[in-house]
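Asker: Sending over a structure as structure tokens; questions will come in a sec.
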């Protein structure tokens, strides 16, 4: 029987600013206790594969919103604010739909937090905005602080 851990899952792709979730996970390695399980996934539905080992689930993803790029949201599931965000169109099945499915199946841990950063562009063929590294650093500072 495995020990339940805090799982942090970065959702993303290499399409423009959608890489934010993956970059956040890359840069969190070595900054959090080894008891944290960190994964990068391309499809939000792949989050479900991590749930068996989770006592807490934290998800990191990018979105487009009316707020300025670089705005960081921390949303406890369930949250009306999550439904108001325009999720990345690079995924076939959204983070929100994945959480709703996992909830219906009784798979979600007691605590689910979704960290979302607004970005400029998630268009196919575009490169990441120069500010993505800065946004990832600010986000990770908040995540590390919450883990202390």
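In the numbering used here, the protein residues as written are 585 to 732. C-beta atoms are modelled at their ideal positions from N, C-alpha and C, and glycine is treated no differently. For clarity, every value in this text was computed on a predicted model and none was experimentally measured.
Under 7 Å from any heavy atom of the ligand SAH, does the C-beta of residue 599 make it?
Answerer: With respect to the ligand SAH, the structure shown offers nothing to examine, as it has no ligands at all.
Asker: Once DSSP output is grouped into helix, strand and coil, what is the label at residue 723?
Answerer: It is helical.
Asker: Buried or exposed: residue 594, going by 16 or more other Cβ atoms within 10 Å of its Cβ?
Answerer: Label assigned to residue 594: buried.
Asker: I'd like the span of the alpha helix (DSSP H) that includes residue 642, first residue to last.
Answerer: It is not in any alpha helix (DSSP H) - residue 642 instead sits in the beta strand (DSSP E) that spans 638-648.
Asker: What's the C-alpha gap between residue 618 and residue 650?
Answerer: Approximately 37 Å, taken between the alpha carbons.
Asker: Let me confirm a value: residue 601 is counted as buried when at least 16 other C-beta atoms fall within 10 Å, else exposed. Which label applies?
Answerer: Residue 601 should be labelled buried.
Asker: Quick one, are the C-beta atoms of residue 654 and residue 701 less than 8 Å apart?
Answerer: For residue 654 and residue 701, yes; Cβs fall inside 8 Å.
Asker: Of all the options 616, 645, 621, which has the alpha carbon lying nearest to the alpha carbon of residue 628?
Answerer: Nearest C-alpha to residue 628: 645.
Asker: Cutting at 6 Å between CB atoms, please list the residues of its own chain near residue 585, excluding the five before and the five after it.
Answerer: Note on residue 585: pLDDT 47, under 50, position unreliable in the model; the coordinate value appears next. Contacts found: none.
Asker: What's the call for residue 596, buried or exposed, on a 16-neighbour Cβ count within 10 Å?
Answerer: Under this definition residue 596 is a buried residue.
Asker: Taking residue 681 as the reference, give the member of 612, 630, 725 with the closest Cα.
Answerer: That would be 630, whose Cα lies nearest to the Cα of residue 681.
Asker: Bridge partners for residue 598 per DSSP, in chain order?
Answerer: DSSP lists no partner for residue 598.
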